[in-house]
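Q: For the sequence shown, my numbering begins at 130 and goes up steadily by one. Every residue gets a Cβ at the ideal spot worked out from N, C-alpha and C, and that includes glycine.
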Amino acid sequence: MSTKKISRRQLLKSSGLRLRDTRSVDPSLWLMNSMPSLLVREQAILVNLGSLRAIAMHERVLIFNYNSPGGKAFLDSLLPRLNPRNINGGPAMPFQLEVVEAALLSRIQRLERRLMRIEPRVGALLEVLPNRLTADVLEQLRLSKQALVELGSRAGDLKQMLIDLLDDPHEIRRICIMGRNCTLDKLSDNMECSVPLEKQIAEEEEEEIEMLLENYLQRCESIHGQAERLLDSAREMEDSIAVNLSSRRLEVSRVELLLQVGTFCVAIGALIAGIFGMNLKSYLETNAV
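(1) What residue from A284, L379 and G398 has the CA that sits closest to L178's CA?
(2) What do you get for E380, buried or exposed, if any count of 16 or more other CB atoms within 10 angstroms of its CB means buried?
(3) Which partner residues of E380 appear in the DSSP bridge assignment?
(4) By alpha-carbon positions, which one of I306, D368 and R182 ends up nearest to I338?
(5) Given a cut-off of 7 Å, decide if L291 and L346 are closer than it, judged by their beta-carbon atoms.
(6) Compare the C-alpha of P198 against each of L211, V169 and S180 and name the closest.
(7) Using the Cβ count rule (16 or more neighbours within 10 Å means buried), how would you classify L148?
(8) Assuming R239 is part of the beta strand (DSSP E), what are its boundary residues?
(9) Buried or exposed: where does C394 fall if 16 or more other Cβ atoms within 10 Å of its Cβ makes it buried?
(10) Enumerated in chain order, which unbroken segments of the beta strand (DSSP E) with a length of 3 residues or greater are wholly contained in the region 175 to 220?
(11) When you compare each of L204, L254 and G252 to E230 by their alpha carbons, which one comes out closest?
(12) Out of curiosity, what's the CA-to-CA distance linking E241 and S235?
(13) Pull the bridge partners of L168 from the DSSP assignment, please.
(14) With a cut-off of 8 Å on the beta carbons, I'd call V154 and R137 a contact; round off their distance for me.
(15) Using C-beta distances below 7 Å, list every residue in its chain close to E350, excluding the 5 sequence neighbours before and after it, in chain order.
(16) Have a look at the DSSP bridge pairing and note the partners of E337.
(17) Out of curiosity, what's the CA-to-CA distance linking V190 and D361?
(18) Quick one: what does DSSP say T132 is sitting in, helix, strand or coil?
(19) Does DSSP put T263 in a helix, in a strand, or in coil?
(20) For P298, report the span of its alpha helix (DSSP H) as first-last.
(21) Classify I135: buried if its beta carbon has 16 or more other beta carbons within 10 angstroms, exposed otherwise.
(22) By the 10 Å Cβ neighbour count, where 16 or more other Cβ atoms means buried, how is S375 classified, buried or exposed?
(23) Would you give the residue range spanned by the alpha helix (DSSP H) that D150 belongs to?
(24) According to the Cβ coordinates, are V266 and A232 closer than 7 Å?
(25) Quick check: what's the CA-CA separation for L244 versus I352?
(26) By the 10 Å Cβ neighbour count, where 16 or more other Cβ atoms means buried, how is Q139 classified, buried or exposed?
(27) For D361, name the three-state secondary structure that DSSP assigns.
(28) Can you give the Cα-Cα distance for E300 and S143, rounded to whole angstroms?
(29) So for V278, helix, strand or coil by DSSP?
(30) In the structure shown, what three-state DSSP assignment does D155 receive?
What follows is the structure, given as structure tokens:
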């Protein structure tokens with residue numbers, strides 16, 4: 130690994146990309162490219178998974194903001210995979226596929242760890258509520274609900290990206306022919322290679338990439354589904370708390386109404402006594418009893 134500062138012109142020249150391609154991974158445009166994306170070009174794959182933004186080429190990968198949480202998790206996942214001792218004699222995957230899998234694995238693992246932190250907290254709150262309605266517990270429920278919304282949104286965006294990629298076999302084939310003397314027919318989308326062995330290897334890699342993406346799609350759907358279930362439980366608990374508070378407010382209103390009726394009755398008696406106690410003639414005092 131090495132750290133360097135390069136200009137956009139140098140980056141475009143070394144990677145063979147166009148300026149519009151780099152917009153998807155440019156950290157300075159995070160408001161415009163916040164959605165996860167995986168763009169395949171002739172000489173590079175542009176990966177944008179939130180805090181991880183990288184450009185994977187045939188023999189190297191450029192990581193923007195490598196000190197970010199996503200960049201550190203990506204390096205922790207990628208470096209062991211590049212160690213020859215961890216291959217165990219099996220065939221090594223192409224470098225760009227190692228980068229893509231390490232990026233997806235690091236992102237999925239971060240989402241899973243976040244879900245594992247939130248799930249016990251939400252379960253404990255659901256057991257305590259609605260019997261213990263305190264400001265601290267309600268604030269914890271609000272923060273947990275906010276975290277679940279954020280987690281579900283990120284998992285949903287990643288899931289949609291994987292679905293779109295699986296629905297586009299042309300992009301997967303472009304990944305397979307990267308770094309090989311192969312071309313794709315734009316009309317028939319057939320793969321043509323100068324060496325028949327490379328075509329066979331590329332076709333095998335295409336199946337492997339599809340299986341890899343489907344595996345991470347299932348894990349992402351599991352995270353998204355669990356986050357949605359916990360969020361629904363939190364919302365149902367909020368509805369239950371709202372009903373409980375409404376019932377308490379009705380009880381208070383009932384007591385207030387009874388007190389007002391009692392006050393009115395006492396006021397009527399005091400009014401009558403006050404009328405007869407006034408120093409005025411009503412001719413009732415002249416009548417014999």
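A: On the basis of the supplied data:
(1) Checking every option, the nearest Cα to that of L178 belongs to A284.
(2) Classification for E380: exposed.
(3) Bridge partners of E380: none, in fact.
(4) Minimum Cα distance to I338 is reached at I306.
(5) With contacts defined as CB atoms closer than 7 Å, L346 and L291 qualify as a contacting pair.
(6) Cα-wise, what sits closest to P198 is S180.
(7) Exposed: under 16 other Cβ atoms inside 10 Å.
(8) Per DSSP, R239 belongs to no beta strand (DSSP E); it is in the alpha helix (DSSP H), F224 to V257.
(9) Note on C394: under 16 other CB atoms within 10 angstroms of its CB, so exposed under the neighbour-count rule.
(10) Those beta strand (DSSP E) runs which fall completely within the region 175 to 220 and span 3+ residues are 181 to 186 and 190 to 193.
(11) With distances taken between CA atoms, E230 lies nearest to L204 out of L204, L254 and G252.
(12) Inter-residue distance for E241 and S235 is about 10 Å (C-alpha atoms, whole angstroms).
(13) The bridge partners DSSP lists for L168 are L175.
(14) Their Cβ separation, rounded to whole angstroms, is 12 Å, which puts V154 and R137 out of contact at 8 Å.
(15) Sequence-distant Cβ neighbours of E350 in its own chain, meaning closer than 7 Å and more than five residues away, are K288.
(16) In the DSSP output, where bridge partners are listed per residue, E337 has none listed.
(17) When rounded, the distance between both Cα atoms is 40 Å.
(18) Here T132 sits in coil by DSSP.
(19) It is coil, neither helix nor strand.
(20) P298 to C305 is the span of the alpha helix (DSSP H), which, as asked, contains P298.
(21) I135 sits exposed, since fewer than 16 C-beta atoms from the chains shown fall within 10 Å of its C-beta.
(22) Here S375 is exposed, its C-beta having fewer than 16 other C-beta atoms within 10 Å.
(23) It spans L148 to T151 - the alpha helix (DSSP H) in which D150 sits, taken as one unbroken run.
(24) Their beta carbons are not under 7 Å apart, which means V266 does not touch A232 by this criterion.
(25) Their Cα atoms are separated by approximately 7 Å.
(26) Within a 10 Å sphere around the beta-carbon of Q139 sit fewer than 16 other beta-carbons, which makes this residue exposed.
(27) Looking at D361 - three-state DSSP - the assignment turns out to be helix.
(28) About 22 Å.
(29) Here V278 sits in helix by DSSP.
(30) Reduced to three states, the DSSP call for D155 is coil.
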